[in-house]
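What follows is a single structure, written as structure tokens, with notes after it.
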Amino acid sequence: MPDSMEYIVQTEPDGRQYHVTALISGENAVMHCDCLAGKSGQICKHRRALLDEDESLILISASHPVEYLRAAVMRSDLGRSLDRLRYSEQLLERAQQLNSEEKARFAKIMNAEIKADEDRDSLERQLENQLAGELVEGDH
Ligand SMILES: [Zn+2]
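Per this note's numbering, residue 323 is the first one in the sequence shown, and the count goes up by one each step.
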């Protein structure tokens, strides 16, 4: 017997309200949202807001506590996929930061403000170090 959870959510104070349904059956979880993005099969902010701890979420009504939904989803196949998605988003954010830093360095080297450092860590190594640092900080 699948667990069915119903939520009516809004993500902006004056925004429209949308109906999100989660159906969880053991390992399998699916979530539907009746917004335009949701109906066309895209990730929508309403479902992400329910699953992430998103401050923009305005909960109008809930059949189950949101924490219950999150815990059930994280035990499912959808939760494992969400973990990977979140990790890839962290990687992307770090890569964008590194890209900005490397652009700034490149400009300085090009303008002879600094010399290129032969012993610099590879970008992959820097990315790994930054993520490792972030994960350690996140544990507290
Ligand atoms: Zn939606």
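Yeah, the Cβ is synthetic: ideal placement off N, Cα and C, and Gly gets one too.
- Where isoleucine 330 sits in the DSSP three-state scheme: As a working mapping, residue 330 is identified with position 8 in the sequence shown. Here isoleucine 330 sits in strand by DSSP.
- Beta-carbon gap between arginine 370 and cysteine 357 smaller than 9 Å: Looking up residue 370 in the sequence shown gives position 48. Looking up residue 357 in the sequence shown gives position 35. Result no, Cβ atoms of arginine 370 and cysteine 357 do not sit closer than 9 Å.
- Query: Should valine 342 be counted as a contact of ligand 1 given a C-beta to heavy atom distance under 8 Å?
  - Reply: As a position in the sequence shown, residue 342 is number 20, starting the count at 1. Yes.
- Task: State buried or exposed for histidine 368, treating a residue as buried only when at least 16 other CB atoms are found within 10 Å of its CB.
- Result: Counting from one through the sequence shown, the residue named residue 368 turns up at place 46. Buried is the call here.
- Query: Starting from aspartate 368 and walking both ways along the alpha helix (DSSP H), at which residues does that stretch end?
  - Reply: On the sequence shown, residue 368 is found 46 positions in, with the first residue counted as 1. Inspection of the sequence shows that residue 368 is occupied by histidine rather than by aspartate. Note, histidine 368: alpha helix (DSSP H), 367-373.
- Within the present structure, is the beta-carbon of alanine 384 separated from the nearest heavy atom of ligand 1 by less than 8 Å? By one-based count along the sequence shown, residue 384 stands at place 62. Result no, Cβ not under 8 Å from ligand 1.
- Query: Would you say aspartate 356 touches ligand 1, meaning its beta carbon is less than 8 Å from a heavy atom?
  - Reply: Locating residue 356 in the sequence shown gives position 34, counting from the first residue. Correct: aspartate 356 has its Cβ closer than 8 Å to ligand 1.
- Message: Excluding the 5 residues flanking leucine 420 on each side, which residues of the same chain have their C-beta closer than 8 Å to its C-beta?
- Response: Counted from its first residue, the sequence shown places residue 420 at position 98. Close CB contacts of leucine 420 within its chain, under the 8 Å cut and outside five residues either way in sequence, are with Leu445, Gln448, Leu449 and Gln452 (chain order).
- Task: Taking only the alpha-carbon atoms, compute the straight-line gap between isoleucine 382 and cysteine 366 and give it to the nearest angstrom.
- Result: If you number the sequence shown from 1, residue 382 lands on position 60. If you number the sequence shown from 1, residue 366 lands on position 44. The straight-line gap from Cα to Cα measures roughly 17 Å.
- Message: Just to confirm before moving on: does the CB-CB distance between glutamine 412 and glutamate 456 stay below 9 Å?
- Response: On the sequence shown, residue 412 is found 90 positions in, with the first residue counted as 1. On the sequence shown, residue 456 is found 134 positions in, with the first residue counted as 1. Contact: yes.
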